[in-house]
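J.:
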Amino acid sequence: VRANDVEAVRTYFENGNRDRVDGLALRLACKRGNTEIARLVLAHGANVNAPNSSGDTPILNACFYGHAEIVRLLHEGGAVGFIDELLRAGARHELTTLDGWTPLVMCARKGLSGMARALLDAGADAEYMYNGSSCAEMA
Numbered sequence: 561v562r563a564n565d566v567e568a569v570r571t572y573f574e575n576g577n578r579d580r581v582d583g584l585a586l587r588l589a590c591k592r593g594n595t596e597i598a599r600l601v602l603a604h605g606a607n608v609n610a611p612n613s614s615g616d617t618p619i620l621n622a623c624f625y626g627h628a629e630i631v632r633l634l635h636e637g638g639a640v641g642f643i644d645e646l647l648r649a650g651a652r653h654e655l656t657t658l659d660g661w662t663p664l665v666m667c668a669r670k671g672l673s674g675m676a677r678a679l680l681d682a683g684a685d686a687e688y689m690y691n692g693s694s695c696a697e698m699a
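Note that the numbering used here has the sequence shown beginning at 561, numbered continuously upward.
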C-alpha cells in the first residue's frame, strides 16, 4: 500500500495473506486517493473506522486529502463515490480527530462541496461547531 502498487496489494491477497489488513492500509489508500487499493483492503476486512494516534480515520484522510485531482473525479464516481462507499462500509462521519476535526469540517474548509453533500446526506451535522464556526459558516 505504501508503494501505491495496486497489483502488489492484489497479489498479496490472492496469495491468501490476511494478517496485515488494518486501518493503516486503508488510511494510506484514502490519503493517496487510491480507491482501487482502498476497495481491496476493505473487501479483505480493514477496519473502516480505525484511527491513528491523532484520531485520523480513513474517511478523515479521504476528506482532508481531497486535492484537485480527486475533486476532478467527483463526477466520475471518484471522491464522492468513494465517500459513499466508506459510509456504506460503516465509516462514522461524526468521529473527530484529537483537535476536533470531522470529515465535514475538512470538506467545508477545503470547499469540497460534493464530498460535503455526501456527508450531509449521510447525516453529518452542518451545525457542528469548530473554533466558533459551524460547518455551514465555513463553506
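From the three backbone atoms N, C-alpha and C, an ideal C-beta is built for every residue, glycine too.
Treat the numbers as computed from the prediction; the structure is a model and nothing was measured.
Looking only at its chain, what residues have a beta carbon closer than 7 Å to the beta carbon of residue 613, apart from the 5 residues adjacent to it on each side?
T.: Here the set comprises nothing.
J.: For residue 688, does the three-state DSSP call read helix, strand or coil?
T.: Coil at residue 688, not helix or strand.
J.: For the alpha helix (DSSP H) holding residue 608, just list the boundary residues, first then last.
T.: Neither: residue 608 is in no alpha helix (DSSP H) and is coded neither H nor E.
J.: Taking 7 Å as the cut-off, is the CB of residue 661 close to at least one heavy atom of the ligand ADP?
T.: Absent from the structure shown: the ligand ADP. Ligands present: none.
J.: So, with DSSP's three-state summary, where would you put residue 614?
T.: It is coil, neither helix nor strand.
J.: Work out the CA separation of residue 568 and residue 680 for me, nearest whole Å.
T.: Whole-angstrom Cα-Cα distance: 35 Å.
J.: Considering just the uninterrupted stretch of the alpha helix (DSSP H) at residue 583, what are its terminal residues?
T.: 583-592 is the extent of the alpha helix (DSSP H) around residue 583.
J.: For the alpha helix (DSSP H) that contains residue 669, what are its first and last residues?
T.: That run of the alpha helix (DSSP H) goes 663-670.
J.: Determine the burial state of residue 582: buried for a count of at least 16 other Cβ atoms within 10 Å of its Cβ, exposed for fewer.
T.: With fewer than 16 other Cβ atoms within 10 Å, it is exposed.
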